[in-house]
Amino acid sequence: MNWSDLLSLTAGELIAPTTAAYALAAIGLNIHFGFTGLLNMGQAGFMLVGAYGFAATAQAGQGFPLSALVGVACSVVFALILGIPTLKLRGDYLAIVTISAAEIVRLIGRSSVLSDITNGAAGIPASRFNKDFLGLSVLPDGRTALGPFSYANNVGDGWWTRIVAWAAVLLAVLLVWRLMSSPWGRVLKGIREDEDAVRSLGKSVYGYKMQALVLGGAMAGFAGILFVMPASVQPDAMGRSMTFFIWTILLLGGAATLWGPVIGSMIFFVALMFIKTVMRDVLPSVLRPEQLEPLAGILVGITLMLLVIFRPQGIFGDKKELMLDVR
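Residue numbers (full-length UniProt numbering): 1 to 327.
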């Protein structure tokens, strides 16, 4: 086993666009669950809707700003359609509805019904929608090395995408910090603790939940755009597994914390890359290559179970603040 290559691969996950996309989606889920108490199990659906809205608009020849705005708007509309009839539900019932909605989006995306827009199960390759985004780069063409990290500047998985992705994460963290320090954020936390008490004070619990769902969904929509930028819009890559990965990241870093989703995403993907790389070197005589990915998924599931049982507040979370009563 080449430990130098192993460390280089795992360290690269710290600043990867995928890591940033998951961190941004986890920040949105943190608004839903950590601060408001909404048990949303369909965050991948918001990401997929945002990615499709962006890719379809970019394919039509529109620039990145407008395409990204359309993608985020699609996620907002999805949040409204989902939230209007369901936000009076609590706990398990809301979880069932949200995961079902995400699956509906995925199945529509991979079907032939809208194949002119979604390209069906084959997905939309990045070359059809990321040219304008890469054209906005202020970096020179070529390759840049910073310490152990060396990437091309202006490709889908290059420095420009990384800079934009992590800038979006930092802006989201700043926005959450300001909002949760405001009276609006304190109302959300009150809803998480006891929505009947908040309602008795004359606050519209339904309205605040809707606002939280829309804000977290919009962040997930932009996260979906970042996620597909290096590769493609592939519906099967943004299904149930993605939602559970986001939940693992949130619970690992700590729900209802500011930096928990970001640190959780970094730790998660570094650990996942380490495990996959080691398994490829150690287990090829036992398992075939196509069996290693499901095994990694099994390990993620076990990790999520252990987190919920033994450390529900995560690394940085406060157990007193975490909403676990989902009646």
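Glycine is no exception: its CB is placed at the ideal position from the N, C-alpha and C atoms. Given the structure is predicted, the values throughout are model-derived calculations rather than measurements.
Whole-Å CB distance - residue i paired with residue j, under 8 Å assumed
{"i": "S67", "j": "A73", "result": "11 Å between Cβ atoms; not a contact."}
{"i": "D236", "j": "A121", "result": "7 Å"}
{"i": "G217", "j": "F33", "result": "The pair is not a contact, with the Cβ atoms about 13 Å apart (cut-off 8 Å)."}
{"i": "G185", "j": "A256", "result": "Not quite, the Cβ-Cβ distance comes to about 11 Å (not below 8 Å), so this is no contact."}
{"i": "G50", "j": "M210", "result": "Actually they do not touch by this definition, with Cβ atoms about 18 Å apart."}
{"i": "L299", "j": "L292", "result": "Going by Cβ atoms, the distance from L299 to L292 rounds to 11 Å, so no, they are not a contact pair."}
Same chain, Cβ closer than 6 Å to residue i, five either side skipped, listed in chain order
{"i": "A21", "result": "A223, L226 and F227"}
{"i": "L304", "result": "T248"}
{"i": "L134", "result": "N154"}
{"i": "A126", "result": "G156, A231 and S232"}
{"i": "A165", "result": "P17, A20 and L226"}
{"i": "D132", "result": "G63 and F64"}
CB contact flag (residue i, residue j, <8 Å)
{"i": "T98", "j": "M41", "result": "yes"}
{"i": "P230", "j": "T161", "result": "yes"}
{"i": "V169", "j": "A16", "result": "no"}
{"i": "residue 354", "j": "G45", "result": "Absent from the structure is residue 354, since the part of the chain shown begins at 1 and ends at 327."}
{"i": "T36", "j": "R288", "result": "no"}
{"i": "A55", "j": "R128", "result": "yes"}
{"i": "L258", "j": "V187", "result": "no"}
{"i": "V278", "j": "V76", "result": "no"}
{"i": "Q43", "j": "T243", "result": "yes"}
{"i": "L201", "j": "L252", "result": "no"}
{"i": "S241", "j": "G158", "result": "no"}
Residue i burial status per 10 Å Cβ neighbour count (16 or more: buried)
{"i": "K88", "result": "exposed"}
{"i": "S204", "result": "exposed"}
{"i": "I246", "result": "buried"}
{"i": "L38", "result": "buried"}
{"i": "I124", "result": "buried"}
{"i": "G91", "result": "exposed"}
{"i": "F310", "result": "exposed"}
{"i": "V198", "result": "buried"}
{"i": "A60", "result": "exposed"}
Sequence-distant residues of its chain with Cβ nearer than 7 Å to residue i (five each side left out)
{"i": "Y93", "result": "none"}
{"i": "M273", "result": "L9, T10 and E13"}
{"i": "G109", "result": "L48, Y52, T118 and P235"}
{"i": "M266", "result": "L14 and T19"}
{"i": "K189", "result": "F35"}
{"i": "V270", "result": "T10, E13 and L14"}
Residues near residue i in its chain [Cβ-Cβ closer than 8 Å; skip 5 each side]
{"i": "L250", "result": "A26, L29, N30, F33, G34, G260, P261, G264 and G314"}
{"i": "Y206", "result": "L87 and K88"}
{"i": "G142", "result": "A152 and N153"}
{"i": "D116", "result": "none"}
{"i": "R106", "result": "A44, G45, L48, P235, D236, M238 and G239"}
{"i": "D325", "result": "Any reading at D325 is ruled out, since the residue's pLDDT is 47, under 50, leaving its predicted position unreliable."}
{"i": "L114", "result": "I108"}
{"i": "F149", "result": "A11, G12 and I15"}
Where the beta strand (DSSP E) containing residue i begins and where it ends
{"i": "L272", "result": "Taken as a continuous stretch (DSSP letters only), L272 belongs to no beta strand (DSSP E), being part of the alpha helix (DSSP H) at G260 to V282."}
{"i": "S150", "result": "F149 to A152"}
{"i": "T144", "result": "R143 to L146"}
Unbroken alpha helix (DSSP H) run spanning residue i, endpoints
{"i": "L107", "result": "G91 to R110"}
{"i": "G254", "result": "Careful: G254 lies outside any alpha helix (DSSP H) and carries neither H nor E."}
{"i": "R311", "result": "From DSSP, R311 is part of no alpha helix (DSSP H); its letter is neither H nor E."}
{"i": "F54", "result": "Q43 to Q59"}
{"i": "K88", "result": "Premise fails: K88 is in no alpha helix (DSSP H) and is neither H nor E."}
{"i": "Q211", "result": "V205 to V228"}
{"i": "E195", "result": "P183 to S200"}
{"i": "S115", "result": "S115 to T118"}
Any C-beta of chain D under 8 Å from that of residue i
{"i": "T57", "result": "In summary, chain D is missing from the structure at hand, where a single protein chain is found."}
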